[in-house]
Amino acid sequence: MARGGLKILKPTDQRVKKSGVKKKQGEKRETEAKKHGDKDGGETRGEERVIEREEWNSALFFTYNTQLGPPYQVLMDTNFINFSIQHKIDPFKGLMDLLFAKVVPVVTDCIVGELEKMGQKFRLALRIAKDPRVKRLTCDHPGTYADDCIIKRISNHRCYIVGTSDKELKRRIRKVPGVPIVSVTQHKYAIERLPEATQK
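If you're matching positions, the sequence shown starts at 8 in my numbering and goes up one per residue.
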């Protein structure tokens, strides 16, 4: 049937049916795209879905999981200081680069005492330990066995990251939940994120 030169299609015409099917398919794709977009925080472009993910500063890991906050206190043992020198790493800059935040290197009286007993070979390590930028904690225990001192401190106060490459000390530290470890590896610092810490 034609009206005013226009041809009107019947509802049963195949061309009308195909147009309706395409419209429904388009609406379905649009609905699915919106649903996926809402769920994943992304959008659909053609056949390719683009999902935007927020980049996390690695330093936030500690704030979220272990309630450590900047400035981070890194308790360094004699091994860590000496290895830093051997691998030509500046502990002040290296720790800040690793944690993306202000860092306060920390030593104890017994750690300084150990370095003093090691003689001239460790004079540079001793100089770093006595640097005014390094916070020195007073020990109230007899002797200068630093490993026991470190374990006692991190057990009583979960506010420290421990810097050590000593395998035995690292094994002992891992038994204390939520204490991250920084070690020297391949001329740089590496942070060990403990399974216990991720559950905090």
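All C-beta atoms in this analysis are idealised placements derived from N, C-alpha and C, irrespective of residue type, glycine included.
Since we're looking at a predicted model, the values are computed, not measured.
| Item | Value |
| --- | --- |
| If contact is defined by three or more beta carbon pairs under 8 Å, each pair taking one atom from either stretch, is the stretch 139-148 in contact with the stretch 108-115? | yes |
| Looking at residue 156 and the ligand ATP, is the gap between the Cβ and the nearest heavy atom below 7 Å? | As for the ligand ATP, it is missing from this structure, which has no ligand bound. |
| With a threshold of 8 Å, are at least 3 pairs of Cβ atoms found where one atom belongs to the stretch 149-156 and the other to the stretch 118-136? | yes |
| Write down the C-beta distance between residue 189 and residue 180 rounded to the nearest angstrom, noting that I regard them as a contact closer than 8 Å. | So it is not a contact: roughly 11 Å between Cβ atoms. |
| So the alpha helix (DSSP H) residue 93 belongs to, where does it begin and stop? | 85-93 |
| Can you name the residues that DSSP bridges to residue 170? | 83, 189 |
| Measure the Cβ-Cβ separation of residue 129 and residue 191 and say whether it is below 8 Å. | no |
| Looking only at its chain, what residues have a beta carbon closer than 7 Å to the beta carbon of residue 172, apart from the 5 residues adjacent to it on each side? | 86, 87, 90, 190, 191 |
| Could you give the residue range of the beta strand (DSSP E) that holds residue 144? | 142-144 |
| Between residue 196 and residue 102, how many whole angstroms is the CB-CB distance? I'm expecting something under 8 Å. | 7 Å |
| Out of 81, 161, 199, which one is the CA nearest neighbour of residue 110? | 81 |
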